[in-house]
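Protein chains: 4
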Amino acid sequence: MREDYGYWTTIPTRWNDNDVYGHVNNVVHYAFMDTLINTWLIEAGLDIHGGTTIGLCVESHCNYRSSISFPDAMRAGLRIGHLGRSSVRYEIAFLAADDTVIAEGHFVHVFVDRTTRKPAEVPTGLRGAMAGLVYP
Amino acid sequence: MREDYGYWTTIPTRWNDNDVYGHVNNVVHYAFMDTLINTWLIEAGLDIHGGTTIGLCVESHCNYRSSISFPDAMRAGLRIGHLGRSSVRYEIAFLAADDTVIAEGHFVHVFVDRTTRKPAEVPTGLRGAMAGLVYP
Amino acid sequence: MREDYGYWTTIPTRWNDNDVYGHVNNVVHYAFMDTLINTWLIEAGLDIHGGTTIGLCVESHCNYRSSISFPDAMRAGLRIGHLGRSSVRYEIAFLAADDTVIAEGHFVHVFVDRTTRKPAEVPTGLRGAMAGLVYP
Amino acid sequence: MREDYGYWTTIPTRWNDNDVYGHVNNVVHYAFMDTLINTWLIEAGLDIHGGTTIGLCVESHCNYRSSISFPDAMRAGLRIGHLGRSSVRYEIAFLAADDTVIAEGHFVHVFVDRTTRKPAEVPTGLRGAMAGLVYP
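Residue numbers (the numbering used here), protein chains in the order written: chain A, 33 to 168; chain B, 33 to 168; chain C, 33 to 168; chain D, 33 to 168.
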């Protein structure tokens, strides 16, 4: 487990993650980012169903180095590259079981009020947890 | 773990499995069936990339009893209800972590030649493994 | 256009609807059912974001007769087989561009209160529209 | 129709493109890119099932400006920003029906031999079609 990412999880692939070229489709990596980030946010206290502040994606990016295929699992590492007042830039690494780098990406959340969708400060409790994930 | 299904696995949910109604969408259960069945088949020796015989779905069905939401995981149980010459009827149970039944369904594979797509006998090695999963 | 289904639409396929076997995956047909039914419901007045009554899927089924592949489009026909007090059984036909039957299925909605998730009568306006889709 | 993108298509949304926040999920935009690009490539002569050269994604990026929700359709524009020997950089614009910019992104294909997965020149016929899509 690489120490340059503070949070790691393993995401099993699904049958239809593979496309006609027989490997996990590029789009799926973004579904993994969403899942990884929101799993971490929920553990850190975000209430996706009723909380007043929610995170909306304003930018995402991925570089693909290699590939895996169902039924292989993806190991996913998360860290925070920049923690702003209302925005957070996450950095993500995807590794195969043998530590081969499959892909690297980033994803930017702007936190907004659930109803007005106007930018809002990252909630205090969440910010505390996020501070621990900032790298370097 | 219920003993009326011979093979069990746990499938984590993903962010976008939830729909606007806040729970895992009905379609996702079929993606779980595909994943559960093919995971078992691959472990039992099916070569999805190059094997001469592949399984095509000719029928599927699901009854929904309750629901879960991301980030909850789904427990999925598999058994075989009927093992024919070239077709197999799988039966699937989906449970929440507390054993609540979320859904129950079935799924029928017809095994076919990869190139001609004409029905073919279930390969011998696979049939042996399948026999152990037949219930009751 | 077959007259035994009262509402028809065409659903383009997407790159990743194809699986490793090179055709539209079985799961995708259920995504098409959800899309077809909810498109019709929204046109008929259902408010999926704020309405007090929503439809939840309690059963779905599909028989697969043939297949199509991206970039082919799917033609989808909808009718209502049974219109109950709080439940509706939809019947769906999927056709290729040349009228070949690709699949046939059904899908049962129970209408519930959005908050309590307890069964509720189909809203009057919606019921009127549904009556026109009942077959035969 | 903006003239700075040479190819336009309209992609209908699906029920489950919406996430719990009630709008089309960020991941879906990448599924649209894959669909848009491959639709164009197939029209230009790429054989995704049997051709000796295939395009693999090595990088993708998206900036999200606004959002749409099912059942709204997305208008998608495609152009080529850089046409190399074996790689192509596509640029994509997503617009709402009223021309509001929903998102803008790019996507880089490296063409490879289907079997060896080693870089290969863009096939001549495809290159001719691509030249017409280069901007500015």
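In this text, a Cβ means the ideal position worked out from N, Cα and C, and glycines have one as well.
Being a predicted model, the structure only gives us computed values, none of them experimental.
| Positions along the segment 46 to 57 of chain A whose CB lies within less than 8 Å of some CB in chain C | 47, 48, 50, 51, 52, 54, 57
| field | Distance, residue 77/C Cα to residue 157/C Cα | value | For the purposes of this step, residue 157/C is identified with residue 125 of the third sequence, where counting begins at 1. For the purposes of this step, residue 77/C is identified with residue 45 of the third sequence, where counting begins at 1. Approximately 7 Å between the Cα atoms of the pair.
| Complete beta strand (DSSP E) runs within the segment 91 to 153 of chain D (minimum length 3 residues, chain order) | 105 to 115, 119 to 127, 133 to 145
| request: Would you tell me roughly how many angstroms separate the C-alpha atoms of residue 126/D and residue 133/D, rounded to the nearest one? | output: Counting from 1 along the fourth sequence, the entry for residue 126/D is found at position 94. Counting from 1 along the fourth sequence, the entry for residue 133/D is found at position 101. One C-alpha to the other measures close to 6 Å.
| From residue 58/A to residue 165/B, what does the alpha carbon distance come to, in whole angstroms? | Counting from one through the first sequence, the residue named residue 58/A turns up at place 26. Counting from one through the second sequence, the residue named residue 165/B turns up at place 133. Residue 58/A and residue 165/B: Cα-Cα distance of roughly 35 Å.
| Does DSSP classify residue 70/A as helix, strand or coil? | Here residue 70/A is taken as the residue at index 38 of the first sequence, counted from 1. The answer is helix: DSSP assigns residue 70/A an H, G or I state.
| Helix or strand or just coil, what does DSSP make of residue 41/C? | Position 9 of the third sequence holds residue 41/C. It is a strand residue.
| message | If I follow the unbroken alpha helix (DSSP H) through residue 78/A, where does it start and stop? | response | By one-based count along the first sequence, residue 78/A stands at place 46. Here residue 78/A belongs to no alpha helix (DSSP H), and DSSP marks it neither H nor E.
| Looking at C-alpha atoms only, which residue of 152/A, 151/A, 129/A, 144/A is the closest neighbour of residue 99/A? | Here residue 99/A corresponds to residue number 67 of the first sequence, with the count starting at 1. The shortest C-alpha separation from residue 99/A is found at 129/A.
| Which residues in the same chain as residue 135/A place their Cβ atom closer than 7 Å to its Cβ, once the five residues preceding and following it in sequence are excluded? | Here residue 135/A refers to the residue found at position 103 when the first sequence is read from its first residue. These residues qualify, in order along the chain: 61, 94, 95, 96, 97, 126.
| query | Between residue 64/C and residue 160/A, what straight-line distance do the alpha-carbon atoms span, to the nearest angstrom? | reply | Residue mapping note: residue 64/C aligns to position 32 of the third sequence, counting from 1. Residue mapping note: residue 160/A aligns to position 128 of the first sequence, counting from 1. Going from the Cα of residue 64/C to the Cα of residue 160/A covers about 43 Å.
| field | Reduced DSSP secondary structure (H/G/I, E/B, other) of residue 56/A | value | Stepping through the first sequence from its first residue, residue 56/A is reached at position 24. Here residue 56/A sits in strand by DSSP.
| Can you find at least 3 beta carbon pairs, one from the segment 79 to 94 of chain A and one from the segment 66 to 86 of chain C, that sit closer than 8 Å? | no
| Opposite residue 87/A in the DSSP bridges: which residues? | For the purposes of this step, residue 87/A is taken as the residue at position 55 of the first sequence. Beta-bridge pairing links residue 87/A to 143/A.
| field | C-beta atoms of residue 52/B and residue 70/D nearer than 8 Å | value | To locate residue 52/B, count along the second sequence from 1; it is residue 20. To locate residue 70/D, count along the fourth sequence from 1; it is residue 38. Not in contact: residue 52/B and residue 70/D (Cβ atoms no closer than 8 Å).
| query | Which one of 47/A, 67/A, 124/A has the shortest CA to CA distance from residue 35/A? | reply | Translated into positions along the first sequence, residue 35/A becomes position 3. Among 47/A, 67/A, 124/A, the Cα nearest to that of residue 35/A belongs to 124/A.
| request: Figure out for me which residue from 75/C, 143/C, 44/C, 109/C has the closest Cα to the Cα of residue 167/C. | output: The residue you call residue 167/C lines up with position 135 of the third sequence. Taking only the C-alpha atoms, the option nearest residue 167/C is 109/C.
| said: At a CB distance below 7 Å, what residues from the segment 89 to 117 of chain A approach chain D? Give them in sequence order. | reply: 89, 90, 91, 92, 93, 94, 95, 96
| Residue from 153/D, 121/D, 152/D, 73/D with nearest C-alpha to residue 138/D | In the fourth sequence, residue 138/D corresponds to position 106, counting from 1. The residue with the shortest Cα to Cα distance from residue 138/D is 121/D.
| task | Could you round the C-beta distance between residue 90/B and residue 118/B to whole angstroms and report it? I think they count as a contact, below 8 Å. | result | As a first step, residue 90/B is located in the second sequence; it is residue number 58 there, counting from the start. As a first step, residue 118/B is located in the second sequence; it is residue number 86 there, counting from the start. No, residue 90/B and residue 118/B are not in contact; Cβ-Cβ is about 11 Å, not under 8 Å.
| query | What first and last residue would you give for the alpha helix (DSSP H) that runs through residue 160/B? | reply | Residue 160/B sits at position 128 when you count from the first residue of the second sequence. Counting along the chain, the alpha helix (DSSP H) containing residue 160/B begins and ends at 156 to 163.
| message | Just to make sure I have the definition right: I need the residues of chain B whose C-beta is within less than 8 Å of the C-beta of residue 66/C. Which are they? | response | The residue given as residue 66/C occupies position 34 in the third sequence. Correct list: 57, 58, 59.
| task | Could you pull out every residue in the same chain whose Cβ sits closer than 6 Å to the Cβ of residue 28/D, ignoring the five residues on either side in sequence? | result | No statement about residue 28/D is possible, as the shown extent of chain D runs from 33 to 168 and does not include it.
| field | Beta-bridge partners of residue 50/C, as assigned by DSSP | value | Taking the first residue of the third sequence as 1, we reach residue 50/C at position 18. Residue 50/C pairs with 56/C.
| Backbone CA spacing between residue 145/C and residue 151/C [nearest angstrom] | To locate residue 145/C, count along the third sequence from 1; it is residue 113. To locate residue 151/C, count along the third sequence from 1; it is residue 119. Going by the C-alpha atoms only, they are around 6 Å apart.
| query | Can you tell which of 163/A, 103/A, 149/A has its C-alpha closest to the C-alpha of residue 73/B? | reply | Start at 1 with the first residue of the second sequence, and residue 73/B comes out as number 41. Checking every option, the nearest Cα to that of residue 73/B belongs to 103/A.
| Taking all protein chains shown into account, do 16 or more other C-beta atoms lie within 10 angstroms of the C-beta of residue 42/C, making it buried, or fewer, making it exposed? | Here residue 42/C corresponds to residue number 10 of the third sequence, with the count starting at 1. Exposed: under 16 other Cβ atoms inside 10 Å.
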